[in-house]
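For the sequence shown, the residue numbers in numbering that gives the first Met the number 0 are 0 to 719. A short write-up of the structure that comes next.
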Amino acid sequence: MAAVSLHSILSRHTAEPPPQPLNTCTVQQPRASLSRLHMLLHSAAVSAVLYYRLSSLAAGGVPAISWSLITLAEAVLAFVWILAQAFRWRPVVRAAALENLPADDELPAVDVFICTADPKKEPVVEVMNTVVSAMALDYPPEKLAVYLSDEGGAAVTLDAMKEACGFARDWIPFCRKFGVKTRCPEAFFSAFTESEREVLQNHSQFEVEEELIQSKYETFKRNVEKAAEIEIEDSVNHDRPPCVEVIHDSKTDDGGSKLPLVVYVSREERPSYPHRFKAGALNALLRVSGIMSNAPYALILDCDMYCNDPTSAKQAMCFHLDPELSSTLSYAQFPQIFYNISRNDIYDGQARSAYKTKYQGMDGLKGTVCAGTGYFLKKKALYCSPHENEDEVLRDVEKKFGSSKQLIDSVKHLNETSTKKREFTSLATIDEAKKLASCTYEQNTRWGKEIGYSYDCLLESTFTGYLMHCKGWNSVYLYPETPCFLGCTTIDMKDALVQLMKWASGLVQVGLSRFSPLTYGMSRMSSLQSMCYGYFAFSHLVSIACLLYGIVPQLCFFYGIPLYPKVTNPWFGAFAAVFLSSLGQHLYEVMSSGGSIRTMWNEQRIWMIKSVTACLFGCLDVLMKYAGMAKANFRLTNKAVDRENLEKYEKGKFDFQGAKMFMVPLTLLVLLNLGCLAGGAKGFLVDGTRAEMVGQGLLLTYLGVLSIPILEGLVPKIGK
Numbered sequence: 000m001a002a003v004s005l006h007s008i009l010s011r012h013t014a015e016p017p018p019q020p021l022n023t024c025t026v027q028q029p030r031a032s033l034s035r036l037h038m039l040l041h042s043a044a045v046s047a048v049l050y051y052r053l054s055s056l057a058a059g060g061v062p063a064i065s066w067s068l069i070t071l072a073e074a075v076l077a078f079v080w081i082l083a084q085a086f087r088w089r090p091v092v093r094a095a096a097l098e099n100l101p102a103d104d105e106l107p108a109v110d111v112f113i114c115t116a117d118p119k120k121e122p123v124v125e126v127m128n129t130v131v132s133a134m135a136l137d138y139p140p141e142k143l144a145v146y147l148s149d150e151g152g153a154a155v156t157l158d159a160m161k162e163a164c165g166f167a168r169d170w171i172p173f174c175r176k177f178g179v180k181t182r183c184p185e186a187f188f189s190a191f192t193e194s195e196r197e198v199l200q201n202h203s204q205f206e207v208e209e210e211l212i213q214s215k216y217e218t219f220k221r222n223v224e225k226a227a228e229i230e231i232e233d234s235v236n237h238d239r240p241p242c243v244e245v246i247h248d249s250k251t252d253d254g255g256s257k258l259p260l261v262v263y264v265s266r267e268e269r270p271s272y273p274h275r276f277k278a279g280a281l282n283a284l285l286r287v288s289g290i291m292s293n294a295p296y297a298l299i300l301d302c303d304m305y306c307n308d309p310t311s312a313k314q315a316m317c318f319h320l321d322p323e324l325s326s327t328l329s330y331a332q333f334p335q336i337f338y339n340i341s342r343n344d345i346y347d348g349q350a351r352s353a354y355k356t357k358y359q360g361m362d363g364l365k366g367t368v369c370a371g372t373g374y375f376l377k378k379k380a381l382y383c384s385p386h387e388n389e390d391e392v393l394r395d396v397e398k399k400f401g402s403s404k405q406l407i408d409s410v411k412h413l414n415e416t417s418t419k420k421r422e423f424t425s426l427a428t429i430d431e432a433k434k435l436a437s438c439t440y441e442q443n444t445r446w447g448k449e450i451g452y453s454y455d456c457l458l459e460s461t462f463t464g465y466l467m468h469c470k471g472w473n474s475v476y477l478y479p480e481t482p483c484f485l486g487c488t489t490i491d492m493k494d495a496l497v498q499l500m501k502w503a504s505g506l507v508q509v510g511l512s513r514f515s516p517l518t519y520g521m522s523r524m525s526s527l528q529s530m531c532y533g534y535f536a537f538s539h540l541v542s543i544a545c546l547l548y549g550i551v552p553q554l555c556f557f558y559g560i561p562l563y564p565k566v567t568n569p570w571f572g573a574f575a576a577v578f579l580s581s582l583g584q585h586l587y588e589v590m591s592s593g594g595s596i597r598t599m600w601n602e603q604r605i606w607m608i609k610s611v612t613a614c615l616f617g618c619l620d621v622l623m624k625y626a627g628m629a630k631a632n633f634r635l636t637n638k639a640v641d642r643e644n645l646e647k648y649e650k651g652k653f654d655f656q657g658a659k660m661f662m663v664p665l666t667l668l669v670l671l672n673l674g675c676l677a678g679g680a681k682g683f684l685v686d687g688t689r690a691e692m693v694g695q696g697l698l699l700t701y702l703g704v705l706s707i708p709i710l711e712g713l714v715p716k717i718g719k
């Protein structure tokens with residue numbers, strides 16, 4: 000017995016220590032508990048309101064049409080609210096433990112996919128800053144490859160890529176030498192990084208080399224802008240052959256300035272073949288990268304979303320290499336944060352507080368939604384389910400992936416960690432890559448159906464992420480203190496609303512299709528996770544409720560028709576409880592996410608504007624598509640900054656110029672609200688109907704206060 004004890008003691012002392020965790024996951028408390036308590040109380044108040052409405056209608060004695068319409072509006076709001084509660088059930092916070100990552104030579108390879116489409120709307124210098132920042136990631140350069148997909152086939156973009164690589168040969172060694180954290184050159188030389196440059200000035204020779212590298216950047220920038228001015232008018236070509244060109248091959252590096260592989264890809268486009276928009280571009284990059292670098296992971300970036308923290312790839316690997324997560328982890332999503340959003344946040348289509356809480360809430364349910372940019376993807380997740388073995392993946396391989404033997408071979412070796420097979424940049428490989436980027440390669444294959452990004456929805460990343468979750472894949476959401484990616488969002492109201500209308504139309508169409516999260520998703524993932532996707536698909540239906548709430552109470556107030564119980568009636572407390580509870584919940588989420596009361600107020604205003612403009616038109620767009628009156632159309636958001644719009648935005652002014660179509664329903668509703676509020680005041684103050692009309696009067700007054708900045712934008716004289 001003593002011998003056994005001695006042996007066990009010696010074993011404990013000689014055994015290897017357990018591996019250190021690569022990441023942490025913490026449930027947000029007390030947020031989760033408070034949210035569940037709020038769900039209970041708020042649901043009781045909502046149930047009371049709906050019971051009062053339905054029982055009053057059944058008993059009669061109330062105006063049937065107006066009460067039926069307002070009941071419908073409240074039922075829609077209740078339905079969307081129920082779906083939203085899934086986000087609040089188990090929110091989590093994750094953090095990466097970079098110090099526990101394996102050595103660089105043990106890290107897997109990563110391909111970076113950047114998509115651009117039109118140099119007129121996406122400034123070339125901005126695109127090149129994104130490319131250079133991706134090349135400068137803190138990752139072994141021999142395991143990194145950067146691919147730019149040019150959907151416009153613009154010569155100016157190809158020339159700019161060559162200029163960018165020339166500048167990167169000086170920029171990246173400079174960043175490595177001095178430990179520069181902000182590796183997007185435009186951001187580094189801006190006022191935002193003065194504090195970082197002040198710290199770096201303690202290094203010897205930094206100021207001298209900084210001045211030299213800034214001069215080289217200004218020359219690079221001037222050359223790109225000059226070329227763009229000359230070639231911009233005839234730059235985009237929508238009838239062209241495929242073009243694949245290796246801009247930099249890491250085999251040619253000397254020992255002092257190693258750079259990653261850099262490839263320009265412009266897939267073939269012909270008017271007689273379907274183009275498939277961004278999903279088609281990403282699938283082409285998957286195929287081209289497969290026979291060139293064949294990394295098992297890919298970082299997907301929009302052309303205006305530069306790498307702000309060079310450690311993002313290693314942070315993502317803290318999750319992809321976790322033995323407890325890796326087998327089912329499809330992607331690690333970072334937040335979309337915009338450097339050109341002011342503290343007012345009046346144009347931010349996805350308010351930061353709501354964005355953060357919803358994504359962290361989904362993360363606690365085994366998978367957050369894919370945002371379309373700033374995520375590190377396991378390529379295998381686009382080809383099969385996590386439980387399929389290699390034999391199942393390679394069954395009928397030519398029917399799935401096409402006839403390219405090099406591509407099929409790359410799929411077989413996708414998860415290999417060796418980098419010896421990454422230098423496939425011969426002329427034969429380039430010719431094969433052009434074949435893979437042709438518009439005919441996908442014919443009679445499963446690309447866009449079972450393989451790669453789905454073609455069933457224009458919101459390719461969000462929908463494909465949803466399908467991956469349906470197959471059993473999970474995902475994680477990282478919200479580090481230092482933003483890993485920073486982008487440029489539109490500050491023009493028209494562009495913001497056009498973009499939101501595109502999202503609304505695509506998501507509602509998914510909700511009404513055979514892929515609906517509440518039917519298709521409910522049988523393939525947890526009910527809470529499918530409710531989250533259901534919220535994204537159906538939340539835009541609140542536009543119908545807002546439209547009814549913008550018409551029915553106003554007309555009834557004008558004609559003295561009560562829609563709410565008297566203030567002295569106990570049922571009035573249920574309506575007041577729902578209203579105050581909703582505001583309280585919103586305020587808590589904003590304040591707990593670092594916002595303020597002003598942030599909450601701005602989010603209330605922008606929510607109202609979105610609901611009766613872009614969301615409403617998105618729903619109408621879906622109806623027109625089902626009726627055959629419209630077809631799917633990709634709308635590229637303008638990223639070029641207009642100086643006049645920028646000045647108005649910085650002053651916190653709503654600029655509706657150019658958005659007249661969207662403003663028609665909003666204008667009519669605002670004017671109707673003001674007119675009915677003024678016209679109904681007589682009955683409220685003189686005719687003795689105060690008790691019955693208090694609820695409607697308060698509602699119209701609240702909407703009127705929300706509408707003040709809208710009136711300033713619609714009627715310039717009011718704002719003077």
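Beta carbons: idealized from backbone N, C-alpha and C, even for Gly.
Helix, strand or coil, according to DSSP, for residue i in the structure here?
{"i": "residue 567", "result": "coil"}
{"i": "residue 414", "result": "coil"}
{"i": "residue 25", "result": "strand"}
{"i": "residue 330", "result": "strand"}
{"i": "residue 489", "result": "coil"}
{"i": "residue 452", "result": "coil"}
{"i": "residue 539", "result": "helix"}
{"i": "residue 514", "result": "coil"}
{"i": "residue 150", "result": "coil"}
{"i": "residue 19", "result": "coil"}
{"i": "residue 524", "result": "coil"}
Would you mind sorting residue i into buried or exposed? The rule is 16 or more other CB atoms within 10 Å of its CB.
{"i": "residue 171", "result": "buried"}
{"i": "residue 137", "result": "buried"}
{"i": "residue 212", "result": "buried"}
{"i": "residue 40", "result": "exposed"}
{"i": "residue 667", "result": "exposed"}
{"i": "residue 558", "result": "exposed"}
{"i": "residue 381", "result": "buried"}
{"i": "residue 430", "result": "exposed"}
{"i": "residue 238", "result": "exposed"}
Which whole-angstrom value describes the C-beta separation of residue i and residue j, a residue pair presumed to lie in contact below a C-beta threshold of 8 Å?
{"i": "residue 261", "j": "residue 436", "result": "Contact doesn't hold; Cβ gap of about 16 Å is too wide."}
{"i": "residue 65", "j": "residue 560", "result": "6 Å"}
{"i": "residue 537", "j": "residue 520", "result": "About 12 Å; that fails the 8 Å criterion."}
{"i": "residue 275", "j": "residue 447", "result": "6 Å"}
{"i": "residue 709", "j": "residue 665", "result": "7 Å"}
{"i": "residue 134", "j": "residue 167", "result": "5 Å"}
{"i": "residue 295", "j": "residue 377", "result": "7 Å"}
{"i": "residue 508", "j": "residue 609", "result": "Not confirmed; about 18 Å, so no contact."}
{"i": "residue 205", "j": "residue 199", "result": "5 Å"}
{"i": "residue 86", "j": "residue 357", "result": "5 Å"}
Measuring CA to CA, which of the options is closest to residue i?
{"i": "residue 427", "options": "290, 141, 524", "result": "290"}
{"i": "residue 269", "options": "277, 259, 278, 236", "result": "236"}
{"i": "residue 463", "options": "32, 329, 36, 273", "result": "329"}
{"i": "residue 300", "options": "696, 148, 206, 515", "result": "148"}
{"i": "residue 753", "options": "373, 432, 30", "result": "Nothing about residue 753 can be read from this structure; the chain reaches only from 0 to 719."}
{"i": "residue 730", "options": "564, 317, 77", "result": "There is simply no residue 730 to check, as the chain begins at 0 and stops at 719 in what is shown."}
{"i": "residue 160", "options": "113, 518, 68, 517", "result": "113"}
{"i": "residue 486", "options": "108, 339, 624", "result": "339"}
{"i": "residue 675", "options": "123, 704, 556, 139", "result": "556"}
{"i": "residue 127", "options": "185, 627, 440, 604", "result": "185"}
{"i": "residue 617", "options": "590, 497, 569, 604", "result": "497"}
{"i": "residue 474", "options": "17, 249, 333", "result": "333"}
{"i": "residue 80", "options": "589, 602, 578, 697", "result": "578"}
Tell me, please, whether the CB atom of residue i is closer than 8 Å to any CB atom in chain B?
{"i": "residue 240", "result": "Any reference to chain B falls outside this structure, which holds one protein chain only."}
(message) Tell me whether the segment 303-316 and the segment 100-112 touch, counting them as touching only if at least three CB pairs, one residue from each stretch, are closer than 8 Å.
(response) yes
(message) Does the structure place the segment 153-167 close enough to the segment 274-291 that three or more beta carbon pairs sit under 8 Å?
(response) no
(message) For the pair the segment 78-97 and the segment 547-556, tell me if three or more CB-CB distances fall below 8 Å.
(response) no
(request) Determine, using beta-carbon pairs with one atom in the segment 358-366 and one in the segment 466-473, whether at least three such pairs fall under 8 Å. (result) yes
(message) For the segment 609-625 against the segment 530-545, do three or more pairs of beta-carbon atoms, one drawn from each stretch, fall closer than 8 Å, so that the two count as touching?
(response) Three or more Cβ pairs closer than 8 Å define a contact, and the segment 609-625 meets that threshold against the segment 530-545.
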